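Input: a single structure, listed below in structure tokens.
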Amino acid sequence: MVYKAESSSMGDSMLIASIAALAFFSVLFNMSGIPVLKTVFAMLMFISVIMGAYFVTLVRTLQYRLTNDALHIEGLFGLVHEVIPVNSIRGYTRRITLISKTGLMGYIVRKYYIGSSYVDGVGNVKMYITSSRNSIYIGTDLGIFGISPEAPLAFSAHMDDLNVPLVEKLEYNKSFDHAWSERRFRQLLRYVCIVLVLAAVLPLLAKSAGFLPPYVPEVFSGGKRTSFMPTEAYLRNHIWFSGLNAVILAAAAVISRYYKKIDTIYYYRLLYAPLAMTLAIMVLMVNVLIPVLVW
Numbered sequence: 001m002v003y004k005a006e007s008s009s010m011g012d013s014m015l016i017a018s019i020a021a022l023a024f025f026s027v028l029f030n031m032s033g034i035p036v037l038k039t040v041f042a043m044l045m046f047i048s049v050i051m052g053a054y055f056v057t058l059v060r061t062l063q064y065r066l067t068n069d070a071l072h073i074e075g076l077f078g079l080v081h082e083v084i085p086v087n088s089i090r091g092y093t094r095r096i097t098l099i100s101k102t103g104l105m106g107y108i109v110r111k112y113y114i115g116s117s118y119v120d121g122v123g124n125v126k127m128y129i130t131s132s133r134n135s136i137y138i139g140t141d142l143g144i145f146g147i148s149p150e151a152p153l154a155f156s157a158h159m160d161d162l163n164v165p166l167v168e169k170l171e172y173n174k175s176f177d178h179a180w181s182e183r184r185f186r187q188l189l190r191y192v193c194i195v196l197v198l199a200a201v202l203p204l205l206a207k208s209a210g211f212l213p214p215y216v217p218e219v220f221s222g223g224k225r226t227s228f229m230p231t232e233a234y235l236r237n238h239i240w241f242s243g244l245n246a247v248i249l250a251a252a253a254v255i256s257r258y259y260k261k262i263d264t265i266y267y268y269r270l271l272y273a274p275l276a277m278t279l280a281i282m283v284l285m286v287n288v289l290i291p292v293l294v295w
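Residue numbers (the UniProt record's numbering): 1 to 295.
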């Protein structure tokens, strides 16, 4: 039996947000006369289009297919497909209240959510909820899943036929999620450190190998003619920028430990800020080194 996701304003909201982001970055792209900033804004425009198309299409195509063997959460024409064996389901509970999530997004988006988040009174949930009016949380051996079928009573009756119990509260082991979050934190910290080190040393290696000329294009040169700067000055600025990012990374790692008291599961996401800055360093480096190496 196929149960469509509850219709809501989520798709329209995501479309409006995507168009607004695209328009904003388009204006900045046209206003900027600096090549490297144009590259950054073009990348942000591309990301806005991709993310908007992804979520809008996913919301429009999201459905829950329940068979005697498994619950299938499907969307995006099969590209999104979660398979939950019925024999792994321990119980389910229904809610008709706003989604009470932890972290900053818990205060911004409460009527719908697609993604993983910690829900008060439920636990760490992988949500495919388009409307909080008909939320069903399913506890399994694989974790907790949240869905919002447009026919919740029919879905509940189908679950009853499969001998899946309706419970007041799902069993939840916080220690499992805490260990998972700590692993994510350490992995993300390690990845950012590796990328930052690579971004910092590549220009130095290019210089020591004799690939860099005495002058390189300025990072923030604008206008029709490219400005140049001494390679030594560029390397000093690059090392300073990389060192600053390393300090920000260390600060984010420390602050995330304090933020852990507020968001016990997704505190590691604070490391996304230094990750974005590290990627910015890579973009700046590419805009300088590629023209030099090609010439």
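Where is the CB? At the ideal position from N, CA and C, for every residue including glycine.
Keep in mind the model is a prediction, meaning the values are calculated, not measured.
Note down the Cα distance separating residue 118 from residue 242, rounded to an integer number of angstroms.
Near 34 angstroms, if we compare the C-alpha coordinates of residue 242 and residue 118.
Cβ separation of residue 91 and residue 143, assumed to be a contact under 8 angstroms, to the nearest whole Å:
Distance from residue 91 to residue 143 at the Cβ level is roughly 13 angstroms; contact not present, criterion being Cβ atoms closer than 8 angstroms.
Bridge partner(s) assigned by DSSP for residue 300
Since the first residue shown for the chain is 1 and the last is 295, residue 300 is missing from the structure and cannot be characterised.
Go ahead and pull the three-state DSSP assignment for residue 47.
In this structure, residue 47 counts as helix in the three-state DSSP scheme.
Report yes if the C-beta distance between residue 57 and residue 167 is below 8 angstroms; otherwise report no.
Result no, Cβ atoms of residue 57 and residue 167 do not sit closer than 8 angstroms.
8 angstroms Cβ shell around residue 115 - same chain, five flanking residues per side excluded:
Cβ-Cβ distances below 8 angstroms link residue 115 to 126, 127 in the same chain, with the five nearest sequence neighbours on each side left out; the list follows chain order.
Leaving out five residues before and five after residue 297 in sequence, what residues of the same chain have Cβ atoms less than 6 angstroms from its Cβ?
Here the chain covers residues 1 to 295 and nothing more, so residue 297 does not appear.
Find the nearest neighbour of residue 169 within the set 203, 120, 147, judged by alpha-carbon distance.
It is 120.
Can you tell me whether DSSP reads residue 214 as helix, strand or coil?
The answer is coil: DSSP assigns residue 214 none of H, G, I, E or B.
With contact counted as at least three CB pairs below 8 angstroms, one residue from each stretch, are the stretch 26-41 and the stretch 178-196 in contact?
No: the two stretches stay apart, fewer than three of their Cβ pairs being nearer than 8 angstroms.
Pop quiz: residue 271 and residue 256 are said to be a contact at Cβ under 8 angstroms. What is the actual Cβ separation, rounded to whole angstroms?
A Cβ-Cβ distance of about 7 angstroms is found for the pair residue 271 and residue 256, placing them in contact under the 8 angstroms criterion.
Using 8 angstroms as the limit for Cβ to Cβ distance, is residue 41 near chain B?
No chain B appears in this structure, which consists of one protein chain only.
What are the start and end residues of the beta strand (DSSP E) that includes residue 123?
From DSSP, the beta strand (DSSP E) with residue 123 extends over 123-129.
Buried or exposed (CB count within 10 angstroms, at least 16 for buried), residue 68
With fewer than 16 Cβ atoms within 10 Å of its Cβ, residue 68 is classed as exposed.
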